[in-house]
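In my numbering, the protein residues as written are 1328 to 1408.
Every residue gets a Cβ at the ideal spot worked out from N, C-alpha and C, and that includes glycine.
Quantities reported herein were computed from a predicted structural model and do not represent experimental measurements.
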(Lines of atoms letter the chains of each structure in order from A and count residues from 1; the text may use other names and numbers.)
(Lines give C-alpha, C1' and ligand atoms only; values in the text may rest on other atoms or scores of the structure.)
Protein backbone atom coordinates (compact mmCIF):
# COMPACT_ATOMS: atom_id res chain seq x y z
CA UNK A 1 0.00 0.00 0.00
CA UNK A 2 1.07 3.56 -0.56
CA UNK A 3 0.51 6.31 2.01
CA UNK A 4 0.82 10.08 1.97
CA UNK A 5 0.66 12.07 5.21
CA UNK A 6 0.03 15.72 4.40
CA UNK A 7 -0.52 18.90 6.42
CA UNK A 8 -1.70 22.23 5.01
CA UNK A 9 1.89 23.39 4.59
CA UNK A 10 3.96 20.26 3.76
CA UNK A 11 4.11 16.58 2.88
CA UNK A 12 5.24 14.81 6.07
CA UNK A 13 5.67 11.25 4.78
CA UNK A 14 5.22 9.26 1.59
CA UNK A 15 6.02 5.61 1.02
CA UNK A 16 5.04 1.97 0.74
CA UNK A 17 3.74 0.44 3.97
CA UNK A 18 2.29 -2.80 5.33
CA UNK A 19 -0.18 -1.23 7.77
CA UNK A 20 -1.33 1.97 9.43
CA UNK A 21 -3.22 2.49 12.70
CA UNK A 22 -5.05 5.80 13.17
CA UNK A 23 -7.10 7.52 15.92
CA UNK A 24 -10.60 7.59 14.42
CA UNK A 25 -13.37 9.71 15.95
CA UNK A 26 -15.11 6.54 17.17
CA UNK A 27 -11.93 4.70 18.14
CA UNK A 28 -8.60 3.60 16.77
CA UNK A 29 -8.58 1.42 13.65
CA UNK A 30 -6.03 -0.30 11.44
CA UNK A 31 -5.80 -0.41 7.66
CA UNK A 32 -4.16 -3.39 5.94
CA UNK A 33 -3.72 -4.29 2.26
CA UNK A 34 -7.01 -4.58 0.29
CA UNK A 35 -9.01 -2.69 2.94
CA UNK A 36 -12.47 -1.61 1.85
CA UNK A 37 -12.73 2.00 0.68
CA UNK A 38 -13.31 4.38 3.59
CA UNK A 39 -13.24 8.05 4.50
CA UNK A 40 -13.04 8.88 8.20
CA UNK A 41 -12.38 11.86 10.44
CA UNK A 42 -9.50 11.57 12.89
CA UNK A 43 -8.96 12.72 16.48
CA UNK A 44 -5.76 14.05 17.97
CA UNK A 45 -3.43 11.14 18.72
CA UNK A 46 -0.79 8.84 17.30
CA UNK A 47 -0.60 7.41 13.79
CA UNK A 48 1.52 4.26 13.63
CA UNK A 49 2.78 2.98 10.30
CA UNK A 50 4.72 -0.23 9.62
CA UNK A 51 6.87 0.12 6.51
CA UNK A 52 8.03 -2.60 4.12
CA UNK A 53 11.11 -3.27 6.31
CA UNK A 54 8.82 -3.89 9.35
CA UNK A 55 9.99 -0.66 10.97
CA UNK A 56 7.27 1.11 12.96
CA UNK A 57 7.09 4.91 12.79
CA UNK A 58 4.90 7.16 14.88
CA UNK A 59 3.43 10.53 13.95
CA UNK A 60 1.46 12.65 16.46
CA UNK A 61 -1.43 14.40 14.71
CA UNK A 62 -3.91 17.07 15.73
CA UNK A 63 -7.03 15.80 13.97
CA UNK A 64 -7.65 15.30 10.29
CA UNK A 65 -9.19 13.04 7.65
CA UNK A 66 -8.12 9.72 6.12
CA UNK A 67 -9.16 8.30 2.75
CA UNK A 68 -8.45 4.69 1.78
CA UNK A 69 -9.08 3.53 -1.78
CA UNK A 70 -7.46 0.83 -3.93
CA UNK A 71 -4.47 0.36 -1.58
CA UNK A 72 -3.73 4.09 -1.57
CA UNK A 73 -4.05 6.03 1.67
CA UNK A 74 -4.18 9.79 1.95
CA UNK A 75 -4.06 11.19 5.47
CA UNK A 76 -4.73 14.93 5.72
CA UNK A 77 -3.71 16.14 9.17
CA UNK A 78 -4.28 19.57 10.71
CA UNK A 79 -0.71 19.34 12.04
CA UNK A 80 1.93 16.71 12.75
CA UNK A 81 4.48 16.76 15.55
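Burial of residue 1404 is indicated by the presence of at least 16 other C-beta atoms within 10 angstroms of its C-beta.
Boundaries of the beta strand (DSSP E) harbouring residue 1404: 1399 to 1404, taken from the DSSP string. A straight line joining the alpha-carbon of residue 1334 with that of residue 1407 spans about 7 Å.
With respect to residue 1374, residue 1345 sits apart: the two C-beta atoms are not nearer than 8 Å. The Cβ atoms of residue 1365 and residue 1392 do not sit closer than 8 Å to each other.
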